[in-house]
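Chemist: Quick one: the structure is below, and I'll ask about it shortly.
Residue numbers (my numbering): 1032 to 1291.
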């Protein structure tokens, strides 16, 4: 049989034989996005978030007026006082130091480690998780710009102290000289929001009966941010409401993935 008489190969087979690096323009192995693209996207989003927070600086009086309103609203709603959580921490120097370390060192590393894990081990759910984090972070940024809010550690009416400044380690310097973060962006709490996304993502992608223990991460985070006087109860309630709406709009994928 001559070469002209041989049956033609399917187009897909020919495409596989063409030279070039596989998956450069399409998804990577396992259907996950290409890593360089994702890294660039995360850096751009983080930069935009930090820039947006800094744009809200300079509204100190408004931030303190809003803080008084939030404090009064919590009392009107009958929410428990944040002081009760802080007093529990202050019974032990080790406990308050651990809470300060949790606030300072767990938030970003835990989120980064979770995103890396779900990217590598649960690629079907990675895109959904990324969209959820981007959505609640964008919504939080809008609220930071619209409703500047001084945290309870700055408001004398709360009777709370800045545990990080008193016992260490401290994350923030003086608000007047802080050019890195906007300390008047307490509403809503992304510490709580991102911790809840981590727990939700790990629960959704796990099959073990112990997966519900991941809820301890947002629960501990709530206790930490309130006890260290960095956030009000309402900061957590608002971000969890935003997350609930986001998850209703962005349903997790139904496709099953192999266990890691």
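By construction, the Cβ of each residue, glycine as well, lies at the ideal position given by its N, Cα and C atoms.
1. DSSP puts residue 1216 in a beta bridge; with which residues?
2. Check whether the Cβ atoms of residue 1157 and residue 1149 sit closer than 7 angstroms, and answer yes or no.
3. If contact is defined by three or more beta carbon pairs under 8 angstroms, each pair taking one atom from either stretch, is the region 1232 to 1251 in contact with the region 1190 to 1202?
4. So for residue 1239, helix, strand or coil by DSSP?
5. Between which two residues does the alpha helix (DSSP H) containing residue 1130 stretch?
6. Quick check on DSSP: helix, strand or coil for residue 1193?
7. Classify residue 1077: buried if its beta carbon has 16 or more other beta carbons within 10 angstroms, exposed otherwise.
8. Report buried or exposed for residue 1175, applying the criterion of at least 16 other Cβ atoms within 10 angstroms of its Cβ.
9. If I follow the unbroken alpha helix (DSSP H) through residue 1119, where does it start and stop?
10. CB residue 1113 to CB residue 1183, shorter than 7 angstroms?
11. Can you tell me whether residue 1064 is helix, strand or coil according to DSSP?
12. Among the residues of its own chain, which have a CB less than 6 angstroms from the CB of residue 1257, if the five just before and after it don't count?
13. Could you tell me whether the region 1096 to 1112 touches the region 1276 to 1285, using the rule of 3 or more Cβ pairs below 8 angstroms?
14. Are the region 1248 to 1257 and the region 1222 to 1231 touching, with three or more C-beta to C-beta distances below 8 angstroms?
15. Let me confirm a value: residue 1074 is counted as buried when at least 16 other C-beta atoms fall within 10 Å, else exposed. Which label applies?
16. Determine the burial state of residue 1139: buried for a count of at least 16 other Cβ atoms within 10 Å of its Cβ, exposed for fewer.
17. Among 1230, 1262, 1126, 1216, which has the Cα closest to the Cα of residue 1200?
Modeler: Well, looking at it:
1. In DSSP, residue 1216 forms a bridge with 1180.
2. In contact: residue 1157 and residue 1149 (Cβ atoms closer than 7 angstroms).
3. Cβ pair count under 8 angstroms is below three, so no.
4. In the structure shown, residue 1239 sits in coil (DSSP, three-state: anything other than H, G, I, E or B).
5. 1124 to 1136 is the extent of the alpha helix (DSSP H) around residue 1130.
6. Looking at residue 1193 - three-state DSSP - the assignment turns out to be coil, as it is neither helix nor strand.
7. It counts as exposed.
8. Buried: at least 16 other Cβ atoms inside 10 Å.
9. Residues 1113 to 1121.
10. Their beta carbons are under 7 angstroms apart, which means residue 1113 touches residue 1183 by this criterion.
11. Coil, per DSSP.
12. The answer, listed in chain order, is 1113, 1116.
13. Counting Cβ pairs under 8 angstroms, fewer than three are found: no touch.
14. The region 1248 to 1257 vs the region 1222 to 1231: in contact.
15. Burial call: exposed.
16. With fewer than 16 other Cβ atoms within 10 Å, it is exposed.
17. Considering only 1230, 1262, 1126, 1216, the residue with the shortest C-alpha distance to residue 1200 is 1126.
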